[in-house]
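Okay, structure first, notes after.
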Amino acid sequence: MRFDESRRLLARATSVIAGGVNSNVRLREQPHPLFFESADGPYLFDADGNRLVDYVLGNGPMLLGHRPRAVVEAVKQQLATGLLYAGQHRLETEVAELLVQHVPCAELVRFSQTGTEAVLAALRIARAASGRQKVLKFQGHYHGWADSMHHALAVPSEDTAYGHGLTPVEASVGQQHAIARDIEVATWNDLEGLRSAFSQHGHELAAVIAEPIMAHGCAAPSQEFLELLRDLCNRHSTVLIFDEVITGFRFGLGGAQSVFRVTPDLTVLGKAMASGFPVSAVVGRRALFDGVATAGFTHAGTYNGSPLGMAAAKASLTMLADPSEGVYDRIEETGSRLLRGLHEIAIRSSLPLLVQGFPSFFILGFTNANAIVDHYGLATLDLNRAKTFAREAVTHGVRPTGRLGWMLSAAHSVSDIDFTLEVCENTLRTLQN
Ligand SMILES: Cc1ncc(COP(=O)(O)O)c(C=O)c1O
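Take any residue in the sequence shown, note its place counting from 1, add 524, and you have its number in this note's numbering.
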C-alpha cells in the first residue's frame, strides 16, 4: 500500500495546522499521520483508497465499530430537532439514569465533553469535599493532558521520596511547575510503596486517582493491591477516583470496577460511552456531590450534556445493554481468537514478544519481560521496534497504534481477525530478517 495522497495532504495541512495534526498523539502514526475519507464497521478508508482494519478505534470510543447504525440514526433524529439549548433536556436524565443503573459507584452524574475535563471535575469535587489539596497518582497512568495530571513515564535511576515512591516529572514543556507541590506519585501494584505513601501523606490526600487497569502496558492490578487501595482510602478519608475513560464500557457495562468488585467513590467515564461523540462524565457517591450544585462550586461547560452527544450516548448504552445485540459476546469471541493467535505467533517468533491483556484490549509489545505490572515494565518496551512493526502492518492493511495497544470492536469479524493474524505473522517475519 502507498500513502502518497496522505503525504500530500499532510504537507498542505502543515502550512496551516501545527505539525498538520490536532493531537500530538497522532504524530506517532506510522508511516506518518494519515488522512481518512470514511470509516465503516472495523474499517478505515484513507485518502489513497486503502482499506485498513482498525485497532485504534478513535483511541477507544468506537467499541461498537465505526458509524454504528443505531447511533447514527439517533443523532440524525436529534439533528432534526435541536442542536444546543444551554438548558436541560430529557436525554440528559435518561443517560444519567443508565449510568446509575449500570456503573456500581454511580449515584449522581455530571457530564462534560472530554476525559481531561471530567478528570478535572472529579479532582475538584474531591478537593472540595475533603478540604484537602494533595492527590496521589500512579506512574505510567494517563489522565489527560491538563497541567495538573500530565506526568511523564520517568524511571528514575534511584527511587526517591518514600523508598518505593517517585516524584512527578512534567510530560510537556510549558506546564505549570507549582502544581507538582500537590501531586504525589506511587508505583502501580507496589503494596509497600502504597502503604508508605499513605503513612506519609494519607492525612493530606484529597484523592487517589488510578486507571483500574493501567492502559499503557495493559497492566491489571493484583486484587490485593486494589483492595489495599480501597482500604487505605477508607481509613484516611481519601476519595478514591477510578479513571475509567478507557476501561468504562470496554470491560462490560459496569467497567473494570465491576470486574474487580472494588467500588471507587468517583469514576470518570468517556470514550466508548458515546461512540465517537465528545461526551464524558464524572459519576459517584451522592454525598460527594453535595456541594456541587451550590454557588460556591464551579462546574461548567457550554457543550456539557449536548443533545447530540446525549442522543449518541443513549443509543450506545442501550445497544451495549441489549443482550440480543451480543456486543460483549462477539468481542469476547473475536478478541480471544486474536489473542490466542498472537500468543501462538509469539511462541513461533524468535523476537522478544509479549502479548498481555484482555479480549477487548491488549498490548503486543517488544520486550524480554514476562509481564508488565508497573512503569518499570513499561520502560522495557522497545518503542522503536513497535514503530517499525506498526509501519509494516499498516502497509499491509492492519492499523495498530504506534505503541501497540490494540482495541477490539463488536464489528470485527472472524475473517478480519484471521487476516490480521496473517499480516502480523508476515510482519514479524520481515522484522526478524
Ligand atoms: C485513562 C484516560 N483518562 C483520560 C483521558 C483523557 O481523555 P480525553 O482525550 O477525552 O481528554 C484518556 C485519553 O486517552 C485516557 O486514556
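Beta carbons: idealized from backbone N, C-alpha and C, even for Gly. A quick note: this is a predicted structure, and the numbers were derived from the prediction, not measured.
**Three-state secondary structure assigned by DSSP to residue 957** = coil
**Prompt:** Cβ atoms of residue 756 and residue 726: under 8 Å apart, would you say?
**Reply:** Yes, Cβ-Cβ distance for residue 726 and residue 756 is below 8 Å.
**Pairwise C-alpha distance: residue 776 and residue 838** = 16 Å
**Request:** Check the C-beta distance from residue 765 over to residue 788 and give it rounded, since I have them as a contact under 8 Å.
**Result:** Right, their Cβ atoms sit about 6 Å apart.
**Request:** Evaluate residue 941 with the Cβ neighbour count: other Cβ atoms within 10 Å of its Cβ, from every protein chain shown; 16 or more gives buried, anything less gives exposed.
**Result:** By the neighbour-count rule (16 or more Cβ atoms within 10 Å), residue 941 is buried.
**Message:** For a test of the three-state rule: what should DSSP assign to residue 683, helix, strand or coil?
**Reply:** Model confidence at residue 683 stands at a pLDDT of 42, short of 50, so the residue's coordinates are unreliable; what they give is reported in the following sentence. Looking at residue 683 - three-state DSSP - the assignment turns out to be coil, as it is neither helix nor strand.
**Request:** Report the residue from 617, 595 and 768 whose alpha carbon sits nearest the alpha carbon of residue 1002.
**Result:** Here the chain has residues from 525 to 957 only, and residue 1002 is not among them.
**Prompt:** By the 10 Å Cβ neighbour count, where 16 or more other Cβ atoms means buried, how is residue 855 classified, buried or exposed?
**Reply:** It is buried - the Cβ of residue 855 has at least 16 other Cβ atoms within 10 Å.
**Best match in 771, 713, 947 and 903 for proximity to residue 753 [C-alpha to C-alpha]** = 713
**Item:** Beta-carbon gap between residue 955 and residue 875 smaller than 8 Å
**Value:** yes
**Asked** Terminal residues of the continuous alpha helix (DSSP H) containing residue 843?
**Response** 831 to 845
**Item:** Three-pair Cβ contact test at 8 Å for the segment 810 to 824 versus the segment 645 to 663
**Value:** The segment 810 to 824 makes contact with the segment 645 to 663; the number of CB pairs closer than 8 Å reaches 3 or more.
**Request:** Have a look at 528, 734, 556 and 616 and flag the residue whose alpha-carbon is nearest the alpha-carbon of residue 573.
**Result:** 528
**Message:** In the DSSP assignment, the beta strand (DSSP E) including residue 879 goes from what residue to what residue?
**Reply:** 877 to 882
**Prompt:** Where does residue 779 sit, in a helix, a strand or coil, going by DSSP?
**Reply:** DSSP places residue 779 in helix when its eight states are reduced to three.
**Request:** Determine the direct distance from the alpha carbon of residue 571 to that of residue 737, and round the result to whole angstroms.
**Result:** One C-alpha to the other measures close to 35 Å.
**Message:** With H, G and I counted as helix, E and B as strand and the rest as coil, what does DSSP make of residue 927?
**Reply:** coil
**Item:** Option in 580, 722 and 563 with minimal Cα separation from residue 886
**Value:** 580
**Request:** Can you tell me which of the three DSSP states residue 591 falls into?
**Result:** coil
**Request:** Would you kindly work out how many angstroms separate the C-alpha atoms of residue 532 and residue 555, rounded to a whole number?
**Result:** 13 Å
**Asked** Hey, quick one: how far does the beta strand (DSSP E) through residue 994 stretch, first residue to last?
**Response** No answer is possible for residue 994: it lies beyond the span of the chain, which begins at 525 and ends at 957.
**Item:** residue 869 burial status per 10 Å Cβ neighbour count (16 or more: buried)
**Value:** Buried.
**Straight-line gap, residue 585 to residue 799 (C-alpha atoms, nearest Å)** = 5 Å
**Request:** Count the C-beta pairs between the segment 799 to 808 and the segment 632 to 647 that are closer than 8 Å, then say yes if the count reaches three, no if not.
**Result:** yes
**Message:** Can you confirm whether the segment 651 to 666 touches the segment 701 to 713 when touching is taken to mean that 3 or more C-beta pairs between the two stretches lie within less than 8 Å?
**Reply:** yes
**Whole-number beta carbon distance between residue 923 and residue 631, since they are thought to touch under 8 Å** = With a Cβ gap of about 39 Å, residue 631 and residue 923 do not count as contacting.
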